[in-house]
């Protein structure tokens, strides 16, 4: 299988849901669509480490008005990692996180994250983080899959951001695929 064919479709994409707190998920839901980049290099993945929270996450974020998924991935990789997106491969899967809605007229707020296999250029430049990313001490780096998964599992034992559960489950899925010979780091 060619891993980086732009039209490729991952054979068994993951589909994970999380409910944070007491939320009515069958009512009116306000959805925010995000994209996340899974960037392998050898035995490592490009991830963003929060020096404040101690967790690791995939680069990515919300899709701005008028952006395609490709353009949003390119913007987020540059902002968070200083990386130049070269190619978007298959959609590896998606997650949905439900929380109580703060907006009137909605029962739930859902963050739907789409995870794409991506390839970047060889060089990283200085990231261009958003103010909240600076406050959280976001630093990009290359991490072994097993190390990243263990780091996040350790963080889940204490207080941590809600996204840590999401990213840990995605890392665990990638590890299962790797053990099955489905996901090769590159």
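Residue numbers (UniProt numbering): 1 to 186. Positions of the beta carbon are idealized from the N, C-alpha and C atoms, including for glycine. Predicted, not measured: the structure shown is a model, and the values here were computed from it.
- Here residue 88 is buried: its Cβ has 16 or more other Cβ atoms, across all protein chains shown, within 10 Å.
- When rounded, the separation of the alpha-carbon atoms in residue 74 and residue 117 is 12 Å.
- Shown here, residue 160 sits in coil according to DSSP, grouped into three states, outside any helix or strand.
- With distances taken between CA atoms, residue 135 lies nearest to 49 out of 10, 24, 42 and 49.
- For residue 94, the CB contacts under 8 Å within the same chain, skipping 5 residues up- and downstream, are 13, 14, 15, 16, 112, 113, 114 and 115 in chain order.
- CA-CA distance, residue 63 to residue 142, rounds to 24 Å.
- With distances taken between CA atoms, residue 172 lies nearest to 146 out of 146, 156, 163 and 161.
- Per DSSP, reduced to three states, the secondary structure at residue 184 is coil, with no helix or strand assignment.
- Counting along the chain, the unbroken beta strand (DSSP E) around residue 111 starts and ends at 108-120.
- C-alpha of residue 109 to C-alpha of residue 159: approximately 22 Å in a straight line.
- With the rule of 3 Cβ pairs closer than 8 Å, the stretch 120-127 does not count as touching the stretch 162-178.
- The C-alpha of residue 86 lies about 15 Å from the C-alpha of residue 36.
- Beta-bridge annotation (DSSP): residue 129 is not paired with any residue.
- Apart from sequence neighbours up to five positions away, the residues of its chain that approach residue 77 with a beta-carbon distance below 6 Å are 37, 59, 83 and 85, ordered along the chain.
- Residue range 85-100 is occupied by the beta strand (DSSP E) that includes residue 87.
- Contact between residue 29 and residue 106 holds: CB atoms are separated by about 7 Å, below the 8 Å threshold.
- Residues of the same chain with a CB within less than 8 Å of the CB of residue 44, apart from the 5 flanking positions on each side, are 142, 143, 144, 145 and 185 in chain order.
- According to DSSP, residue pairing for residue 37 in a beta bridge involves 116.
- Spanning the alpha carbons of residue 66 and residue 137 requires a straight line of approximately 29 Å.
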